[in-house]
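J.: My structure is below; once you've seen it, I'll send some questions.
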Amino acid sequence: MGKKNYILSKAIVSFCGSFLIIFIPFLLNMLLNHITYLENENTYRGIRFSHIYCSSFINDAPVNNSKMFLYPLYIKCQILYNIIYTFMISIFSGILGLFAFACSLKIKKHKVFIFVPVYALFMLTKLAGSSFSYYGELLYFVMIQAINGINVGMFFLLCLALVVYSLISLKLECGREDL
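Residue 852 in the numbering used here sits at position 172 of the sequence shown; the count goes up by one each step and never skips.
See the structure below:
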């Protein structure tokens, strides 16, 4: 029972630590920007995509994209949109932290190479996004940046696959006798 609790607690710390490393700085940045620049609309894309830059924002071609993730919310309240987007990226960061921890259970020597599976994951999704985008919207895959649209189903499928792999890896590691 001791090893199982140890691995479970390390997995929880990996997820929470990776989540907080992204969430707290971005949330503080949004808060300080909102306090300092009250009328700036606080968009993460910069002044060009804020309501201040162009008065006809809704009809403007560069950002009028109904495929954009939560586009109606972005038009109505950019601050809430930024908080939700930051929360989603932070959850993804936590999942990547859990994935890296699960990979570290397999790699016994040279733990510095734990970044390789995460890097390979990003490169494969980038390759998949550029290769399969020609075949239609169903296979359109964008990891984080969503100006031109994001296939939320593919994003959540990737997150689910990473969580399932990590949980299976943790379950198998808990069954081993050696630490």
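Ideal placement from N, C-alpha and C gives every residue a C-beta, glycine not left out.
Keeping to the same chain, check which residues put their C-beta closer than 8 Å to that of residue 848; ignore five residues upstream and five downstream.
T.: none
J.: Going by DSSP in three states, residue 749 sits in which element: helix, strand or coil?
T.: Under the three-state reduction of DSSP output, residue 749 falls in the coil class, being neither helix nor strand.
J.: Can you list, in chain order, the residues of its chain with a C-beta nearer than 7 Å to that of residue 691? Leave out the 5 residues immediately preceding and following it.
T.: 778, 781 and 850
J.: Label residue 840 either buried or exposed according to how many other C-beta atoms from any shown protein chain fall within 10 Å of its C-beta, with 16 as the threshold for buried.
T.: exposed
J.: Tell me whether the segment 691-702 and the segment 756-763 touch, counting them as touching only if at least three CB pairs, one residue from each stretch, are closer than 8 Å.
T.: Too few Cβ pairs lie closer than 8 Å, so no.
J.: In three-state DSSP terms, what is residue 714?
T.: helix
J.: Let's see if you can read the secondary structure: which residues bound the alpha helix (DSSP H) around residue 843?
T.: 832-855
J.: Among 682, 783 and 788, which has the Cα closest to the Cα of residue 795?
T.: 783
J.: Would you mind working out which of 798, 802, 785 and 807 sits nearest residue 854, comparing C-alpha positions?
T.: 785
J.: Using a threshold of 8 Å, state whether the C-beta atoms of residue 687 and residue 773 are closer than that.
T.: no
J.: Does DSSP put residue 791 in a helix, a strand or coil?
T.: helix
J.: May I ask which residues mark the beginning and end of the alpha helix (DSSP H) holding residue 783?
T.: Per DSSP, residue 783 belongs to the alpha helix (DSSP H) from 758-786.
J.: What does a CB cutoff of less than 6 Å around residue 735 pick up in its chain, not counting 5 residues either side in sequence?
T.: For residue 735, the pLDDT reaches just 46, beneath the cut-off of 50, and the residue's location in the model is therefore unreliable, leaving the point undetermined.
J.: Give the straight-line distance between the Cα atoms of residue 835 and residue 706, rounded to the nearest whole angstrom.
T.: 21 Å
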